[in-house]
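Report on the structure given below.
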Amino acid sequence: MKKRLIGALAVLLCAALALRVRAVNADVREPEIVNYEMGQEAALGENIFLDSYEDMNGYFVTVESAHILTYDEFMEKHKESIEASLEEGDSLPDKNSEVFPEMVYEVNIFVRNGGTEEKEDCGLAFMNYNLTATDFMLQISDSLYWLVNPGEPSMFMDFRLRPQTSMEFCLPFFFAPSSDASGPGLGLTEDEVRGAEMYLPVSLYPQQIQIRVEAEE
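Printed below as a string of structure tokens:
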């Protein structure tokens with residue numbers, strides 16, 4: 001009798017869970033895709049990446065330029081900034097690491113806070129930024145990011161701007177053609193990356209705002 005009761009309760013519980021999942025999924029809407037081109041200013045509005053507490057309202061993002069560089073070319077291009085960062089105690093990427101950034105897809109962006117109110121928790125976190133193609137994506141090399149951008153290092157690569165101010169950032173997305181490891185950007189060749197149509201999503205929901213990125217030759 002007890003086993004039958006437990007079995008019946010289990011069936012009812014499963015049914016209740018199935019109904020709850022169906023109800024939750026019914027409320028989920030596919031994000032509206034909003035595309036921008038390089039040079040166009042994308043207003044983030046009340047859109048978010050993952051969590052409802054995110055607040056990027058008032059911020060605007062413009063992709064100004066993009067280049068595909070070898071690690072050495074990138075280091076030479078940003079030599080002065082990197083030397084200053086190393087003097088402050090930052091370190092270079094480990095060349096023996098399987099995720100060493102052999103190639104850098106450098107995306108230079110302009111961020112503006114067009115708001116008028118000082119808000120403590122309003123800002124951007126570049127941890128959420130990925131450069132995406134149809135069947136792969138590239139992540140930011142955090143070690144390179146902190147070598148060429150100002151600010152205190154954090155795992156979120158987050159910041160906020162005072163109202164009516166702006167700043168330029170260099171986002172060093174990376175890939176490693178010779179890596180045998182699995183992961184974003186690992187094992188991809190330059191031809192594969194250069195030949196793909198690339199987008200930089202700057203929000204995911206309810207609008208997926210994304211900027212088409214094309215590297216200069």
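The opening residue of the sequence shown carries number 1 in our numbering; numbering runs sequentially from there. Heads up, the beta-carbon is just placed ideally off N, CA and C, and yes, glycines get one too.
(request) Return the residue from the list Glu192, Phe175, Phe49, Gly195 that minimises the CA-CA distance to Phe100. (result) Among Glu192, Phe175, Phe49, Gly195, the Cα nearest to that of Phe100 belongs to Phe175.
(message) Since Asn113 and Tyr53 should fall inside the 8 Å C-beta cutoff, what is the C-beta to C-beta distance between them, to a whole number of angstroms?
(response) At roughly 18 Å, the Cβ-Cβ gap does not stay under 8 Å, so Asn113 and Tyr53 are not in contact.
(request) Could you work out which residue in Asn149, Glu106, Val111 is closest to Asn130 when comparing CA atoms only? (result) Answer by Cα proximity: Glu106.
(message) On the CB-based measure, 16 or more other CB atoms within 10 Å of its CB, does Ala42 come out buried or exposed?
(response) Taking every protein chain shown into account, the CB of Ala42 has 16 or more other CB atoms within 10 angstroms, so this residue is buried.
(request) Could you name the residues of the same chain whose beta carbon sits closer than 7 Å to that of Glu190, not counting the 5 residues immediately before and after it, in chain order? (result) Counting only Cβ-Cβ distances below 7 Å, and skipping sequence neighbours, we find Ile68, Met103, Pro177.
(message) Quick check: the Cα distance between Phe126 and Ala181, rounded to an integer number of angstroms?
(response) Going by the C-alpha atoms only, they are around 24 Å apart.
(request) Provide the residue span of the beta strand (DSSP E) that contains Ala42, from first to last. (result) Segment 41 to 43, the beta strand (DSSP E) holding Ala42.
(message) Give me the residue from Ala215, Gly45, Ser179, Leu50 with the minimum Cα distance to Asn96.
(response) Ranked by Cα distance from Asn96, the first of Ala215, Gly45, Ser179, Leu50 is Ser179.
(request) Over the uninterrupted alpha helix (DSSP H) stretch that includes Arg194, give me the two end residues. (result) Residues 190 to 194.
(request) Helix, strand or coil for Leu144, going by three-state DSSP, please let me know. (result) For Leu144, the secondary structure class from DSSP, reduced to helix, strand or coil, is helix.
(request) Output yes or no for whether 9 Å exceeds the beta carbon distance between Tyr205 and Phe49. (result) Yes, Cβ-Cβ distance for Tyr205 and Phe49 is below 9 Å.
(request) Note down, one range per segment and in chain order, each alpha helix (DSSP H) of at least 4 residues found wholly within the region 50 to 83. (result) The qualifying runs are 71 to 77.
(request) Please report the Cβ distance between Leu211 and Pro172, rounded to the nearest whole angstrom; I am assuming they are in contact, meaning their Cβ atoms lie under 8 Å. (result) At residue 211 the sequence reads Ile, which differs from the Leu that was named. Contact between Ile211 and Pro172 does not hold, since the beta-carbon distance rounds to 17 Å and is not under 8 Å.
(message) Considering only their Cβ atoms, is the gap separating Pro93 from Ser154 smaller than 9 Å?
(response) One thing to note: Ser154 has its Cβ no nearer than 9 Å to the Cβ of Pro93.
(message) For Gly185 and Leu138, which I take to be in contact (beta-carbon distance under 8 Å), what is that distance rounded to the nearest angstrom?
(response) Rounded, the Cβ-Cβ distance is 5 Å, consistent with contact.
(request) Can you give me the start and stop residues for the beta strand (DSSP E) that Asn108 sits inside? (result) Element bounds for Asn108: 103 to 113.
(request) Could you tell me which residues DSSP puts in a beta bridge with Met198? (result) Looking at the DSSP output, Met198 bridges to Val213.
(request) Counting only runs of 3+ residues fully inside the region 138 to 184, write out the beta strand (DSSP E) ranges in chain order. (result) Within the region 138 to 184, the runs of beta strand (DSSP E) that reach at least 3 residues and sit entirely inside it are, in chain order, 165 to 175.
(request) Under 6 Å Cβ to Cβ from Ser85, same chain only, skipping five residues before and after it: list those, please. (result) Answer for Ser85: Leu147, listed in chain order.
(message) Please report the straight-line C-alpha distance between Tyr199 and Gln40, rounded to a whole angstrom.
(response) In this structure, the alpha-carbon of Tyr199 lies about 13 Å from that of Gln40.
(request) Using only alpha-carbon positions, find the residue among Gly123, Glu192, Asn108, Thr116 that is nearest to Asp135. (result) The residue with the shortest Cα to Cα distance from Asp135 is Glu192.
(request) From the DSSP output, in three-state form, read off Glu32 for me. (result) Assigned with DSSP and collapsed to three states, Glu32 falls in strand.
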